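In the numbering used here, the protein residues as written are 43 to 209.
Dropping the structure here:
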């Protein structure tokens, strides 16, 4: 009987570790990725899909991180932001600030929008480096956006030019 309880307890502890994001050391919770001249951290347990100029990471509860590199984006960040968000249904900007990212001036906007009947919030950050405009967008259900604050800040503060990129 004690053996069964011990096994059950270990199983419960294991499930709690998985649910809480793993029992791994900090280094194992994040992976370092690169995309056309930049390097950044992304959650290691998020599912990666990639194409030529983007990488998309899917979280367990529907959150999505999109990293895009656009060589042919409009020259100014405001125009690139408008072009990127123009297809968001019922778009409403709820926050805006300038920031430095990868040593470059950037734009950080928070946008509420819809997809079908789901209310969403996206954090959108744009900056330019070596003639390429980079867009980082974290999108999740509106009610859970604040839960991703620490993850979002970790991603943004990790962005650096990849070796060989000019600032």
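Glycine included, every Cβ here is placed at the ideal spot set by N, Cα and C. This one's a predicted model, so the numbers in the text were calculated from it and none came from an experiment.
{"Item": "Pick out whichever of 177, 134, 88 has its Cα sitting closest to the Cα of residue 105.", "Value": "88"}
{"Item": "Taking its Cβ as the centre, do 16 or more other Cβ atoms sit within 10 Å of residue 60, making it buried, or is it exposed?", "Value": "At residue 60 the pLDDT is 34, less than 50, meaning the model places this residue with poor confidence; the figure from the coordinates comes in the next sentence. Exposed: under 16 other Cβ atoms inside 10 Å."}
{"Item": "Pick out whichever of 175, 168, 155 has its Cα sitting closest to the Cα of residue 182.", "Value": "155"}
{"Item": "Kindly indicate which residue of 85, 126, 132 has the alpha-carbon position closest to the one of residue 195.", "Value": "85"}
{"Item": "What is the DSSP secondary structure of residue 69, counted as helix, strand or coil?", "Value": "In this prediction, residue 69 scores a pLDDT of 48, lower than 50, which makes its location untrustworthy; the coordinate-derived value is nonetheless stated afterwards. Helix, per DSSP."}
{"Item": "Nearest CA to the CA of residue 184: which residue from 151, 191, 169, 161?", "Value": "161"}
{"Item": "Below 8 Å on the Cβ atoms is my guess for residue 77 versus residue 180; work out the distance and round it to an integer in Å.", "Value": "Wrong, their Cβ atoms sit about 15 Å apart, outside the cutoff."}
{"Item": "Which of helix, strand or coil does DSSP assign to residue 195?", "Value": "helix"}
{"Item": "Just to confirm the assignment: which complete beta strand (DSSP E) runs, minimum length 3, are found wholly within the segment 122-152?", "Value": "131-143"}
{"Item": "Are the Cβ atoms of residue 201 and residue 111 separated by less than 7 Å?", "Value": "no"}
{"Item": "Would you mind giving the Cβ-Cβ distance between residue 149 and residue 168, rounded to the nearest angstrom? I have them listed as a contact below 8 Å.", "Value": "5 Å"}
{"Item": "Could you give the distance in angstroms between the alpha-carbon of residue 66 and the alpha-carbon of residue 72?", "Value": "Summary for residue 66: the model assigns pLDDT 35, below 50, so the residue's position carries little reliability, and this model does not support an answer."}
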